[in-house]
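Reviewing the structure listed below.
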Amino acid sequence: MTESKTSVEAQKKIRMWAETAAKLPVDGIYETPGKAIKFRVKESYGDIHIYYGKRLDSSDPYQEGNLVFFDKMNLIRETIVFIGSSEAVALGSTTENRLPEPDSLEAFLRSHSVGGKLASYVPPILAGLGVITIEKHGRALYCRLSDVFLRQAGL
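In short: position in the sequence shown from 1, add 809, done, that's our numbering.
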């Protein structure tokens, strides 16, 4: 890396490439990073719908997901910028009735949806786009911008 990811110029580059990544399709089957539970992602009217459990195989096009993230473009762009603001970010996934750890991805994502365990669903989508890598340090899960994304951004 030729410059710090926290420099103003680096943040501009990350934001520009985040904008490009936000335009990519996200529909597909993914697995949560911790327990490898399958879930399906469907983009609908600019939002991201997450289906799991009994709704995983639902073919009803009008059924709302178990979990909905509003405004896909903003979610992906801002999440990439948030992750890019430090070397690694703790996922910190927790249920909706517990407060997430400050500065965790879970805490950040609470502004984009209602519910809990939000950090179980967004990182696999971003990893599928090639934007982040998910790492395990002890029992905790962390994510960071991938080397491929950083090279594309010129960092």
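Just so you know, even glycine gets a beta-carbon here, dropped at the ideal spot from N, CA and C. Note that the coordinates shown come from a computational prediction; the quantities given were computed from them, not determined experimentally.
Y854 burial status per 10 Å Cβ neighbour count (16 or more: buried): exposed
Proximity to G939 [Cα-Cα], best of K926, T841, R953 and I838: R953
Which residue marks the beginning of the alpha helix (DSSP H) containing E818, and which one marks its end? V817 to A831
Straight-line CA distance for E828 to R886? 6 Å
Can you tell me whether DSSP reads G963 as helix, strand or coil? coil
In angstroms with no decimal places, state the Cα-to-Cα distance between I846 and I838. 10 Å
Per DSSP, the bridge partner or partners of A845: Paired residues: none, contrary to the question.
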